[in-house]
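Asks: Take a look at the following structure, please.
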Amino acid sequence: MNDKAAVVRRIRFRLNGRQREAQVASHENLVDLLVRLDLFGARESCGQGLCGCCTVLVDDIAVSGCLTLAQLVDGCEVHTVEGLAEKGKLDFVQQAFIDEGAFQCGFCTPGFVMMTHELLKRIPEPSEPEIREYLSGNLCRCAAYPEIIRAVQTAARNRPDPAGVAGEHA
10 MNDKAAVVRR IRFRLNGRQR EAQVASHENL VDLLVRLDLF GARESCGQGL
60 CGCCTVLVDD IAVSGCLTLA QLVDGCEVHT VEGLAEKGKL DFVQQAFIDE
110 GAFQCGFCTP GFVMMTHELL KRIPEPSEPE IREYLSGNLC RCAAYPEIIR
160 AVQTAARNRP DPAGVAGEHA
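Under the working numbering, the sequence shown has 172 at position 163, and the numbering climbs by one with no breaks.
Shown next, in the form of structure tokens:
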């Protein structure tokens, strides 16, 4: 299908806390839309939803951006790794990944960070088997898995409480 034959529609959604509008083709995926909006953290790697590199949160649920049609985020809240830092300060998950050296090339790191956010929202103090299971859909080609597990454990310890009071190292 070429772009001239594609149906284009306007969508409105919140992206990292800001209201956005975009024209999207019926076949355009969310990663491609994010790239058009100059956000490059979610990366399309496998194009089949198997690697987790394109993980973003849509209404607080982790999705594969390569498999999610952009038009489906109309009216939704979308969060990407670029929206986590506030006032130049990394959020607690990003900082845990830095502190634990949970990356090598960094290509997969944004997907792991976003999936960790969903995990910690659902299971605030996950066991190592729960972390492994939850992150099993994210692949790290550099094999930084031990560091990633430690980073998730560190993030769980340093997680701000729901009332906004920071964890032990804030």
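Idealized CB from N, CA, C, for every residue including glycine.
Once DSSP output is grouped into helix, strand and coil, what is the label at Ser147?
Replies: It should be pointed out that residue 147 corresponds to Asn in this sequence rather than to Ser. Looking at Asn147 - three-state DSSP - the assignment turns out to be coil, as it is neither helix nor strand.
Asks: Can you tell me which of the three DSSP states Leu46 falls into?
Replies: Coil, per DSSP.
Asks: In whole angstroms, what is the alpha-carbon distance linking Gly56 and Pro133?
Replies: Near 30 Å, if we compare the C-alpha coordinates of Pro133 and Gly56.
Asks: When you compare only the Cα positions, how much space is there between Val72 and Phe49?
Replies: Computed Cα separation, rounded: 16 Å.
Asks: Should Pro169 be labelled buried (16 or more other beta-carbon atoms within 10 Å of its own) or exposed?
Replies: Counting Cβ neighbours within 10 Å, Pro169 comes out exposed, since fewer than 16 surround it.
Asks: Considering Glu156, what are the terminal residues of the alpha helix (DSSP H) in which it resides?
Replies: That run of the alpha helix (DSSP H) goes 154-167.
Asks: Bridge partners of Ile70, per DSSP?
Replies: Bridge partners of Ile70: Val67.
Asks: Where DSSP assigns a beta bridge to Leu99, which residues make up the other side?
Replies: Leu99 is not bridged to any residue.
Asks: Mapping the DSSP letters down to three states, classify Phe106 as helix, strand or coil.
Replies: Three-state DSSP puts Phe106 in a helix.
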